[in-house]
Amino acid sequence: MCGCALRPRRRAEPGLQSRRSGRGSGAVPRSGRGAGPASGAARSGPNQTAGRSRAMGRLVALSLLGIGLALLGERFLALRSRLKASREVESVDLPNCRLIKGIETGAEDIDILPNGLAFFSVGLKFPGLHSFAPDKPGGILMMDLKEEKPRALELRVSWGFDLASFNPHGISTFIDDDDTVYLFVVNHPEFKNTVEIFKFQEEENSLLHLKTIKHELLPSVNDVIAVGPSHFYATNDHYFSDPFLKYLETYLNLRWANVVYYSPEEVKLVAEGFDSANGINISPDKKYVYVADILAHEIHVLEKQPNMNLTQLKVLQLGTLVDNLSIDPSSGDIWVGCHPNGQKLFVYDPNHPPSSEVLRIQNILSEKPSVTTVYINNGSVLQGSSVATIYDRKLLVGTLYQRALYCEL
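Residue 359 in the UniProt record's numbering sits at position 359 of the sequence shown; the count goes up by one each step and never skips.
Laid out in structure tokens, this is it:
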């Protein structure tokens, strides 16, 4: 600010101005009490500058708000597309099916041993998902598919394991060289993330808890595939563990989900760049690992390296939300539990329940894999199918939070 704007002015004597200017009567007279442009700017400039700054600030804020709203709107529409929010389905029925008695709160994942014993992960509670029994802890059920009329039985868990907070998610079995059967279970006690390792005791129909695994590279575990007695690959469906950050990650489609290899000797990131890595499994010859990216509607085929790293070979694009993957050991076919409309999973309406879909993928390593729709239901029978697995022409279909289906093909 100019100091002259603050001093009182003296009235000029007649002729004084011309004498000072040296120009006589030809000098340009001053207008009123002003001191020319410089003096006028000194008197009113700060207010004008402040006004212009406020206007510019508001314009910038308005522009940023508009850009933010446009981005949020675009992300919202993109999320609806990823969820297949507008998709409706027509039923594809199977003739010889029945709901499995004793499974009322979902069977998110199923794994079957070569001898026909099937394990069910039941009672998952997950942020944002509906639950028909929010206060009931989860459990592991078993069904012998070699029986004429198989039924589901709950396995006892060894004393000392916290059953009250048991919240099982993805599961996988491993048979050691001495025929010991290990069951790996993704667990979310109080919505945390662990992998539990159990030893299956067939004669007692029980599980002996051996180990709880936690690691900073396992912040949001969804599924596992066991490759040794204490070794596994695991999918993280999000990079973050905090629920709000998970939501932002999904909404903004950051594609930070990943696959981790765990062993007692090392833990490492082996694949990344997924929208939401979900189900994981391995080929019968143990050469290839398959990963379902549920919100990208993709199955990734990755080659397993001698150091357990994974190298991507191809991506199979599907028109549905792919959840868990099961492998037919005799053919190598992949059976997929799918969600035709993901929005209905998170915004549950009993009058318009989430539908179910089962796909069979043959020759996935070929240039043109065969994709067959085996089963679709609009939710009137089965809601939110998350897994489908086959044994000796017996098909099991599990769901996130409702029932499970047994079919004879």
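Even glycine gets a Cβ: it sits at the ideal position worked out from N, Cα and C.
These figures come from a predicted structure and were not determined experimentally.
For residue i, count neighbouring C-beta atoms within 10 Å of its own C-beta (all shown protein chains included) and say buried if the count is 16 or more, exposed if not.
{"i": "P29", "result": "Reliability fails at P29, whose pLDDT of 43 lies under 50, so the model's placement of it is uncertain and the value that follows must be treated cautiously. Looking at its Cβ environment, which holds fewer than 16 other Cβ atoms inside 10 Å, P29 is exposed."}
{"i": "Q305", "result": "exposed"}
{"i": "I67", "result": "exposed"}
{"i": "W159", "result": "exposed"}
{"i": "S331", "result": "exposed"}
{"i": "A107", "result": "buried"}
{"i": "H352", "result": "exposed"}
{"i": "N307", "result": "exposed"}
{"i": "P354", "result": "buried"}
{"i": "T105", "result": "buried"}
{"i": "N167", "result": "buried"}
{"i": "A296", "result": "buried"}
{"i": "K394", "result": "buried"}
{"i": "V60", "result": "exposed"}
{"i": "G40", "result": "Confidence in G40 is poor, its pLDDT being 44 and thus under 50, which makes the residue's placement unreliable; the coordinate value appears in the next sentence. Looking at its Cβ environment, which holds fewer than 16 other Cβ atoms inside 10 Å, G40 is exposed."}
{"i": "G398", "result": "buried"}
{"i": "L69", "result": "exposed"}
{"i": "L365", "result": "exposed"}
Since residue i and residue j are thought to touch, with beta carbons under 8 Å apart, how far apart are those beta carbons, to the nearest angstrom?
{"i": "Y251", "j": "L79", "result": "6 Å"}
{"i": "L269", "j": "L217", "result": "6 Å"}
{"i": "L142", "j": "L124", "result": "Checking the sequence, you will find Met at residue 142 rather than Leu. Contact flag wrong, Cβ pair sits at about 17 Å."}
{"i": "H169", "j": "Y401", "result": "In fact, because the Cβ distance is near 12 Å, the residues do not count as touching under 8 Å."}
{"i": "D323", "j": "V387", "result": "7 Å"}
{"i": "E298", "j": "L316", "result": "7 Å"}
{"i": "A257", "j": "Y239", "result": "6 Å"}
{"i": "T373", "j": "V92", "result": "6 Å"}
{"i": "A152", "j": "I100", "result": "5 Å"}
Quick check on this structure: which residue in the options has the alpha carbon closest to the alpha carbon of residue i?
{"i": "N205", "options": "Q305, R156, E272", "result": "R156"}
{"i": "V89", "options": "E357, G398, L382, Y233", "result": "E357"}
{"i": "D176", "options": "G228, E190, E202, S220", "result": "G228"}
{"i": "I197", "options": "D178, E203, T173", "result": "T173"}
{"i": "P127", "options": "E190, F119, P137, K149", "result": "E190"}
{"i": "I103", "options": "V371, N187, K136", "result": "K136"}
{"i": "S263", "options": "R98, V347, P95, S230", "result": "S230"}
{"i": "G337", "options": "Y348, R255, T320", "result": "T320"}
{"i": "K192", "options": "L94, Y247, H215", "result": "H215"}
{"i": "L382", "options": "K149, N278, L365, A404", "result": "A404"}
{"i": "V347", "options": "L365, T235, G384", "result": "G384"}
For residue i, which of helix, strand or coil comes out of DSSP?
{"i": "S206", "result": "strand"}
{"i": "E408", "result": "strand"}
{"i": "S356", "result": "strand"}
{"i": "M308", "result": "coil"}
{"i": "R156", "result": "strand"}
{"i": "G139", "result": "strand"}
{"i": "L395", "result": "strand"}
{"i": "L69", "result": "helix"}
{"i": "A35", "result": "Only weak support is given to the placement of A35: the predicted model assigns it a pLDDT of 43, under 50, and the value that follows is read from those uncertain coordinates. In the structure shown, A35 sits in coil (DSSP, three-state: anything other than H, G, I, E or B)."}
{"i": "K246", "result": "helix"}
{"i": "A118", "result": "strand"}
Taking CB distances under 7 Å as the criterion, tell me whether residue i reaches chain B.
{"i": "R58", "result": "Among the chains in the structure shown there is no chain B, since it carries only a single protein chain."}
The region 282-296 in contact with the region 206-215 per 3-pair CB rule at 8 Å: no
Segment contact, 8 Å Cβ cut-off, at least three pairs: the region 64-84 with the region 136-154: No, the region 64-84 is not in contact with the region 136-154.
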